[in-house]
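Written below as structure tokens is the structure these notes are about.
2 protein chains.
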Amino acid sequence: MSDNRALQRVNILVNHILQSSPTSSSNLSLTREICLQYSPPELNESCVFDVKEMRKLLDGHDVVDRDWIYGLMTQSNLFNRKERGGKIFVSPDYNQTMEQQREITMKRIWYLLENGVFQGWLTESGPEAELRKLALLEVCGIYDHSVSIKVGVHFFLWGNAVKFFGTKRHHEKWLKSTEDYVVKGCFAMTELGHGSNVRGIETVTTYDPTTEEFVISTPCESAQKYWIGGAANHATHTIVFSQLHINGTNQGVHAFIAQIRDQDGNICPNIRIADCGHKIGLNGVDNGRIWFDNLRIPRENLLNAVADVSSDGKYVSAIKDPDQRFGAFMAPLTSGRVTIASSAIYSAKVGLATAIRYSLSRRAFSVTANGPEVLLLDYPSHQRRLLPLLAKTYAMSFAANELKMIYVKRTPETNKAIHVVSSGFKAVLTWHNMRTLQECREAVGGQGIKTENLVGQLKGEFDVQTTFEGDNNVLMQQVSKALFAEYVSCKKRNKPFKGLGLEHMNGSRPVLPTQLTSSTLRCSQFQTNVFCLRERDLLEQFTSEIAQLQGRGESREISFLQSHQLAEDLGKAFTEKAILQTILDAEAKLPAGSVKDVLGLVRSMYALISLEEDPSLLRYGYLSRENVGDVRREVSKLCGELRPHALALVTSFGIPDSFLSPIAFNWVEANAWSSV
Amino acid sequence: MSDNRALQRVNILVNHILQSSPTSSSNLSLTREICLQYSPPELNESCVFDVKEMRKLLDGHDVVDRDWIYGLMTQSNLFNRKERGGKIFVSPDYNQTMEQQREITMKRIWYLLENGVFQGWLTESGPEAELRKLALLEVCGIYDHSVSIKVGVHFFLWGNAVKFFGTKRHHEKWLKSTEDYVVKGCFAMTELGHGSNVRGIETVTTYDPTTEEFVISTPCESAQKYWIGGAANHATHTIVFSQLHINGTNQGVHAFIAQIRDQDGNICPNIRIADCGHKIGLNGVDNGRIWFDNLRIPRENLLNAVADVSSDGKYVSAIKDPDQRFGAFMAPLTSGRVTIASSAIYSAKVGLATAIRYSLSRRAFSVTANGPEVLLLDYPSHQRRLLPLLAKTYAMSFAANELKMIYVKRTPETNKAIHVVSSGFKAVLTWHNMRTLQECREAVGGQGIKTENLVGQLKGEFDVQTTFEGDNNVLMQQVSKALFAEYVSCKKRNKPFKGLGLEHMNGSRPVLPTQLTSSTLRCSQFQTNVFCLRERDLLEQFTSEIAQLQGRGESREISFLQSHQLAEDLGKAFTEKAILQTILDAEAKLPAGSVKDVLGLVRSMYALISLEEDPSLLRYGYLSRENVGDVRREVSKLCGELRPHALALVTSFGIPDSFLSPIAFNWVEANAWSSV
């Protein structure tokens with residue numbers, strides 16, 4: 001087992017400590033000196049690559065601005081600064097009630113506003129301004145998901161809805177005042193009875209030509225607006241999503257602006273508001289419920305970029321097809337999935353940085369009689385738990401950056417691709433975050449249960465991501481349906497595949513070698529080939545199964561439902577391949593050197609752990625039993641090779657110490673009586 | 001696809017509703033009547049078996065006493081009764097601060113005490129008394145994990161330690177006063193520096209023959225007692241685990257009784273106590289930290305069932321080997337793993353009852369143009385998410401009951417088997433609970449985020465189970481090491497296997513049919529054969545790999561660490577087979593009839609989903625690719641066949657409505673404005 005460096009390290013350490021401390025077990029505990037001491041991981045771990053350079057790659061953009069806002073938050077007393085073990089930490093006090101968390105979250109946002117953080121967020125445009133905004137939002141979310149969600153609802157849901165669904169009259173009236181928080185916006189789309197299925201919402205708006213007003217009403221309890229962030233306490237205005245009925249015809253879902261509170265915070269007439277109550281996380285966000293009692297709003301409050309109603313009550317839209325109209329309304333909301341995917345990965349980074357730093361200072365059990373205890377991360381099983389998740393987090397960092405880039409550079413032509421990619425990435429990245437946090441929580445043992453240590457708390461804070469802005473399972477089905485449509489369309493028109501990364505299907509089916517050596521397994525071409533083969537074959541299987549079912553008389557919808565397992569496998573295969581491509585692209589751009597070398601190891605770990613974890617490789621015969629044995633052995637080897645870089649890899653996340661938690665540093669001192 | 005009954009149901013429903021409501025989509029939302037209505041699942045679902053009989057099987061024992069304590073809690077205002085949608089619910093208010101949750105938890109325990117719940121818990125003995133106690137504790141945990149943990153620490157850790165580690169003098173002095181809560185006990189084993197590795201604790205106790213006292217000290221910060229439930233606020237006494245140094249020789253870990261607070265709640269001299277702080281769950285439990293500053297306790301306070309120190313300071317023990325002595329100290333603690341495993345399954349039941357009831361009243365999307373929305377549980381993918389977890393929960397119910405039975409009937413001879421089985425069951429059942437709750441949380445969408453709806457909150461409340469009383473990964477390794485030792489011992493002595501369920505290895509290797517029909521897959525003999533084959537082969541592979549590594553000069557410990565993946569596969573194979581056996585045994589005892597029939601379906605689902613989810617079947621060639629395709633298809637068929645029984649199966653859990661949550665019932669009414 002010469003390749004298992006970790007165990008060599010254990011053995012060396014054991015010998016070293018046994019030689020230097022010849023005390024017998026019988027009096028081990030008698031002297032104070034041999035009590036457990038904290039030793040900073042930096043003392044024992046080396047770093048072979050430039051951490052700052054790696055950090056720039058991972059953050060991708062606006063590193064200086066990120067550091068600026070990290071600093072802003074650390075300086076203020078509003079961010080719950082506390083000293084633990086001689087270090088300053090900032091993170092919310094999660095022992096506060098919902099009411100307290102909401103108030104302090106709003107105060108934190110005021111502070112950021114006063115310090116100019118939100119300047120230009122709605123009044124500046126272009127890819128650079130958008131990226132900067134995304135970077136600042138990401139850092140808000142690293143401090144506390146409630147801050148980023150509350151800011152996100154105001155700017156990305158309310159603000160962007162005004163910007164994208166509205167026209168000049170709305171922009172002039174609302175954008176600057178939103179940026180200055182003179183109005184506080186919320187976004188009333190979801191109802192008690194309808195979440196992911198927006199088309200089914202039951203709120204009804206009619207038009208009264210005599211007063212030139214729209215009349216919004218909540219016809220029944222299931223139509224109450226639900227989960228509306230900001231509605232319970234702070235928002236003054238909302239976007240209302242509603243069926244628009246004109247002269248007895250339902251024109252489908254449209255968006256309107258309604259004021260719900262006056263500037264003093266009193267709820268407006270014809271509006272009822274209730275609280276959604278205490279949640280398992282995100283208690284800094286005041287989610288509320290809204291009922292509209294024939295609320296009258298001016299005709300101009302229809303956000304009319306897609307469709308309008310004339311003063312005499314005629315419905316006008318350039319888009320005749322209601323489905324396309326609905327799609328146009330939903331398209332700008334993609335920003336939600338972009339920010340969710342990206343923030344999920346930053347959350348995973350906090351978890352991994354904490355768990356890996358702790359595993360480099362915490363010991364448990366010894367492997368020789370009376371020998372010293374072994375560092376957690378020197379156990380092969382502990383490496384196997386954390387290092388593959390670390391590699392995935394790296395790969396998904398690049399994926400999130402790529403998603404942001406295609407989003408900020410979007411054109412009408414790229415809308416479909418953005419929808420598909422953002423759906424897949426949102427689902428896979430948020431599931432990855434939840435899994436990573438759970439593994440990190442267990443890997444740090446009981447310490448993960450303390451909210452102060454964040455790892456466990458983040459699970460509750462980020463859990464909602466797997467179902468909001470589209471249930472992950474529904475999103476994955478949408479990915480597969482889109483691939484299906486693309487496949488059918490290309491085959492029908494006998495045209496080559498173009499877009500969605502399917503171009504590889506124009507070539508011949510990749511042939512994999514029967515024998516997999518270590519160098520083959522680490523070769524990017526081989527990795528790409530397996531991922532392409534899997535995607536291609538699953539797409540073919542899926543379309544063929546759907547065709548069979550339709551051939552037996554089933555409707556297309558029913559056929560999709562029945563083929564859900566193939567659809568899930570395909571959605572995953574598509575997304576994992578797209579992620580692999582992003583880390584390969586990042587690697588390709590680098591000059592030769594240690595950053596590129598280590599990133600190559602990380603990429604191979606990402607590729608091989610994805611194969612190792614996917615039973616479909618064996619199930620559908622892409623790899624033989626011998627092959628998957630080789631993959632598993634290679635993953636173990638990579639664990640050993642990544643182990644020496646673990647500290648540097650999490651340091652490269654660029655998250656300041658103060659945004660991690662006490663167990664990532666001197667947890668003995670942090671728990672000392674002198675700190676009580 | 002004639003076997004997919006669920007889709008037939010969808011089609012029938014679609015036709016039914018389309019016929020009965022010929023309104024066109026254009027004015028669907030104009031009339032109030034067609035708004036979404038709650039329809040109780042009971043209206044549409046049939047029940048073909050006797051739910052009461054099934055409930056008796058699942059609960060296994062003390063059904064009447066369970067109902068009594070459910071009733072006690074529902075009657076009292078202390079349990080946070082509230083009305084939602086016309087029904088009464090009881091569950092803690094999780095928006096309370098830690099301090100408030102601790103106080104109300106203690107008050108709830110006083111109430112249970114006053115109502116005689118704890119009568120005989122320490123003063124009565126025998127299997128029946130023990131089972132009754134376990135049943136009552138389980139129901140406490142269904143209300144709130146904090147209540148059961150706080151009661152469990154007092155009775156099962158403090159109380160049982162006095163009972164099992166102590167002798168007559170301790171029993172007379174402490175047992176009755178513990179039962180009456182005159183003393184409030186806690187259990188100081190874990191330290192900041194040592195959790196799962198109890199042997200490594202650093203607290204030191206010496207003996208002073210001049211005063212006939214032990215002197216307990218915390219020699220350094222890492223030796224502070226940590227996570228001690230009850231220590232922060234309420235406990236008056238504690239068991240202290242400490243290294244015992246007699247005349248310069250460390251005799252290993254021993255347990256002592258120390259008073260830490262007087263009856264007025266003042267902390268005693270030479271004791272320092274600090275809080276562990278806010279947690280992601282279990283905030284009703286006052287976890288604290290304790291430092292001992294040369295605390296002097298009478299010689300009689302050594303719990304001396306295993307070893308004693310004479311008045312003149314001589315160490316006396318009938319067990320000479322320190323390892324065996326340590327083992328004797330730990331053995332009675334198995335009760336912790338028994339109660340954890342069992343309560344994990346009741347938590348999963350709360351999650352599943354809620355998610356399945358919700359999925360029988362919540363609709364989303366339609367499968368035909370303008371058609372009605374489909375019930376969540378009529379989607380094949382939703383069935384696939386929840387019904388296999390339901391079947392596993394059933395199987396694990398029987399497993400937990402079996403574990404309790406072997407525990408209450410324990411003899412010195414069964415200690416090893418109990419240790420191995422309880423380790424495996426604790427790990428597998430608690431992981432299953434976490435996974436089930438996560439799936440249920442996502443399956444109910446955003447509603448799972450509200451703490452009032454429990455599903456999401458339970459994740460935080462029960463998360464600690466995967467690492468306390470032994471980290472799950474460590475426990476699984478212990479299972480495999482025990483199997484290894486058994487294997488080596490039998491082979492060396494050329495004796496047949498006896499115990500740990502390994503008897504099947506005395507026979508010939510099972511041969512599986514190459515073609516798997518539906519009836520083969522559902523046959524208990526086939527299922528047993530696959531599970532046995534997998535266990536047998538993995539055990540052989542594991543021992544052979546260890547032998548190879550040792551042959552290359554590695555130590556046994558290092559070899560185990562390197563073979564961790566095979567060890568994990570083996571631990572899982574052992575535990576899953578043991579679980580299968582318990583549901584097969586339960587089924588075998590039943591007379592022919594509908595309960596037996598449905599339980600047979602559930603058992604087949606448990607067996608097949610375990611195979612479907614385990615990649616080692618393909619990896620190691622127990623099943624062919626065609627075989628696993630057959631397994632997957634059979635799981636889908638079973639989903640369709642279990643779907644009609646879903647409501648009855650969760651009703652059989654016997655959990656009163658008031659202990660579930662509003663989304664399990666009329667969630668429209670519960671959210672109505674009239675309820676605000």
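Residue numbers (full-length UniProt numbering), protein chains in the order written: chain E, 1 to 676; chain Y, 1 to 676.
No residue lacks a Cβ here, since even glycine has one placed at the ideal position from N, Cα and C.
Same chain, Cβ closer than 7 Å to Glu587 (chain E), five either side skipped, listed in chain order: Answer for Glu587 (chain E): Lys596, Leu599, Gly600 and Arg603, listed in chain order.
Enclosing beta strand (DSSP E) for His245 (chain Y) [first to last residue]: His237 to Ile246
For Met396 (chain E) and Ser25 (chain Y), the rounded distance between their alpha carbons: Reliability of the predicted coordinates at Ser25 (chain Y) is poor, the pLDDT of 37 falling under 50, and the value obtained from them is presented with this limitation in mind. The alpha-carbon atoms of Ser25 (chain Y) and Met396 (chain E) are separated by roughly 42 Å.
Buried versus exposed, by CB contacts within 10 Å (16 or more), Ala135 (chain E): buried
Validate contact between the region 633 to 640 of chain Y and the region 182 to 199 of chain E using beta carbons, cut 8 Å, 3 pairs: no
Option nearest Leu521 (chain E) by Cα separation, candidates E:Asn401, E:Leu611, E:Asp144 and E:Tyr358: E:Leu611
Span of the beta strand (DSSP E), counted from its first residue to its last, around Lys87 (chain Y): Lys87 to Val90 is the span of the beta strand (DSSP E), which, as asked, contains Lys87 (chain Y).
Sequence-distant residues of its chain with Cβ nearer than 6 Å to Cys490 (chain Y) (five each side left out): Phe497
Residue span of the beta strand (DSSP E) that contains Trp174 (chain Y), given as start and end: Where Trp174 (chain Y) is concerned, there is no enclosing beta strand (DSSP E), given that its DSSP letter is neither H nor E.
Contact the region 260 to 270 of chain Y vs the region 322 to 342 of chain Y: 3+ CB pairs below 8 Å: no
Nearest to Cys276 (chain Y) (by Cα), restricted to the options Y:Ala232, Y:Gln251, Y:Leu282 and Y:Ile246: Y:Ala232
Phe542 (chain E) versus E:Gly551, E:Glu554 and E:Asp569, residue with shortest Cα-Cα distance: E:Asp569
Beta bridge counterpart(s) of Ser366 (chain E) as assigned by DSSP: E:Glu373
For Ala355 (chain Y) and Glu540 (chain Y), the rounded distance between their alpha carbons: Whole-angstrom Cα-Cα distance: 41 Å.
Simplified DSSP state of Ile260 (chain E), which is helix, strand or coil: coil
Check whether Ser658 (chain E) and Ile88 (chain E) have beta carbons under 8 Å apart: yes
CB of Phe214 (chain E) within 8 Å of CB of Thr205 (chain E), strictly: yes
Under the three-state DSSP convention, the category Gln251 (chain Y) falls into: strand
Coarse secondary structure for Asp308 (chain E), derived from DSSP in three states: Asp308 (chain E): strand per DSSP, three-state reduction.
Below-8 Å beta-carbon distance, Val338 (chain E) vs any chain Y residue: no
Sufficient close CB pairs (3 or more, under 8 Å) joining the region 418 to 432 of chain Y to the region 515 to 529 of chain Y: Contact between the region 418 to 432 of chain Y and the region 515 to 529 of chain Y is absent, because fewer than three Cβ pairs lie under 8 Å.
Val182 (chain Y) - DSSP class collapsed to helix/strand/coil: Residue state, collapsed to three classes: coil.
CB contact flag (Val153 (chain Y), Gly230 (chain Y), <8 Å): In terms of Cβ geometry, Val153 (chain Y) and Gly230 (chain Y) form a close pair [threshold 8 Å].
Whether Gly284 (chain Y) touches Gln477 (chain Y) by CB criterion (8 Å): no
The region 618 to 632 of chain E contacting the region 55 to 75 of chain E, beta-carbon criterion three pairs below 8 Å: no
Ranges of the beta strand (DSSP E) found wholly within the UniProt domain "Acyl-CoA oxidase C-alpha1" (333 to 483) of chain Y, counting only runs of at least 3: 363 to 366 and 373 to 375
Trp291 (chain Y) burial status per 10 Å Cβ neighbour count (16 or more: buried): buried
Endpoints, the alpha helix (DSSP H) within which Lys596 (chain E) is located: Ser594 to Glu613
Chain-order list of residues whose beta-carbon lies under 6 Å from that of Gly336 (chain Y) (same chain, five-residue window excluded): So the list reads Glu469, once near-sequence residues are dropped.
Rounded straight-line distance, which links the Cα of Leu352 (chain E) to that of Leu390 (chain E): 7 Å
Residues of the region 492 to 510 of chain Y whose Cβ lies closer than 7 Å to any Cβ of chain E, in chain order: none
Proximal residues to His194 (chain E) (C-beta, below 6 Å), its chain only, five neighbours per side dropped: Gly200 and Ile201
Own chain partners of Ala344 (chain Y) with C-beta closer than 6 Å, once the 5 adjacent residues on each side are dropped: Leu429, Thr430, Asn433 and Gln465
First and last residue of the uninterrupted beta strand (DSSP E) at Lys225 (chain Y): Lys225 to Gly229
C-alpha gap between Ala648 (chain Y) and Arg272 (chain Y), whole angstroms: 53 Å
Nearest-angstrom Cα separation, counted from Ile149 (chain Y) out to Leu112 (chain Y): 14 Å
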